[in-house]
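**Q** I have a structure I would like to understand better, so I am pasting it below and will then ask my questions one at a time.
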Amino acid sequence: MVVVDSGSTDETLDICREFGITPFYHPYSMHGMQMNVAIERASHDWVLCMDSDEIMDEQTVNFILALKAGEEPAKNKAWRLPRYWYVLGEQVRTLYPVSSPDFPVRLFNRQHARFNLRPVDDQVEGHTCSEKMPGHVRHDTFYTLHEVINKLNGYTTRLVKYTRVRPSITRGFISAIGAFFKWYLFSGAWRQGRVGAVTGFYATLYSFLKYFKAWYQYPQIKAMQAEQDVDTHTHSLQK
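Using the numbering used here, the first residue of the sequence shown is number 276, and each one after it goes up by one.
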């Protein structure tokens, strides 16, 4: 087992040592990069990639054990986990931008597949066919309201940093209104009371913040680009 840690302050490291596992430290930048770091340190080509907040049930575990005991499958094949999302301890039907369950690829041959480096919602690429696993994988994505706010801020900051988001407050308001209707009202999240309100709030604020942060940073980006253009022009004249 390979554990990659980015500086946990909870009991993660103690739990690893209890089971004789030496975690590897790697500073966090993107989820996909952390997964790829772990993949590179694995002893075998077939890898099962899990997050610390994902818990497999007995049916999923037994399926993987049976798969391991059988003949080696085609190296271009992959398997998708049946992942059910939980917020504040309660199972939800949707969490922006996915429905629950979703089925991410997590079991594959590292010689043929890797995680891409999308800043959020990364995926495994390189396999040519995939199959769903049976069972129920519990994904406790948010344990507390504080964690909701913290991850919301982190996700939108990374999204704006690594992708091109149109800098527009108007677009932010329109997107937020659309997200509220789609992910809170039309999805039926309003039926889940407090937790549904949290997921609706998350979708609405996420949709607004990504455009707002892009708008807020736009003058700085333009100034940096102008400075780089001046430096390039000056360097050309000197030649």
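Beta carbons are placed, not taken as given, at the ideal position from N, Cα and C, and that holds for glycine.
The structure presented is a predicted model; accordingly, all values stated were derived computationally and were not measured.
1) Pull up the CB-CB distance for Arg385 and Val322, whole angstroms please, since I reckon it's below 8 angstroms.
2) Closest to Met408 by CA distance: which of Met305, Thr284 and Phe338 is it?
3) Given the structure, does Thr474 come close to the ligand MG, in the sense that its CB is under 8 angstroms from one of the ligand's heavy atoms?
4) Between Ser374 and Asn351, what straight-line distance do the alpha-carbon atoms span, to the nearest angstrom?
5) Quick one: grab the DSSP three-state call for Lys407.
6) Since His411 contacts Asp332 with CB under 8 angstroms, what's their CB separation in whole angstroms?
7) Going by C-alpha to C-alpha distance, which of Arg439, Gly468 and Ser281 sits closest to Pro302?
8) Would you list the one or two residues that DSSP bridges to Ser374?
9) Should Ile452 be labelled buried (16 or more other beta-carbon atoms within 10 Å of its own) or exposed?
10) What three-state label does DSSP hand Thr287 in the structure shown?
**A** The relevant details are as follows:
1) 5 angstroms
2) Phe338
3) Absence of the ligand MG is noted for the structure shown, with no ligands found whatsoever.
4) 27 angstroms
5) strand
6) 5 angstroms
7) Ser281
8) Thr369
9) exposed
10) helix
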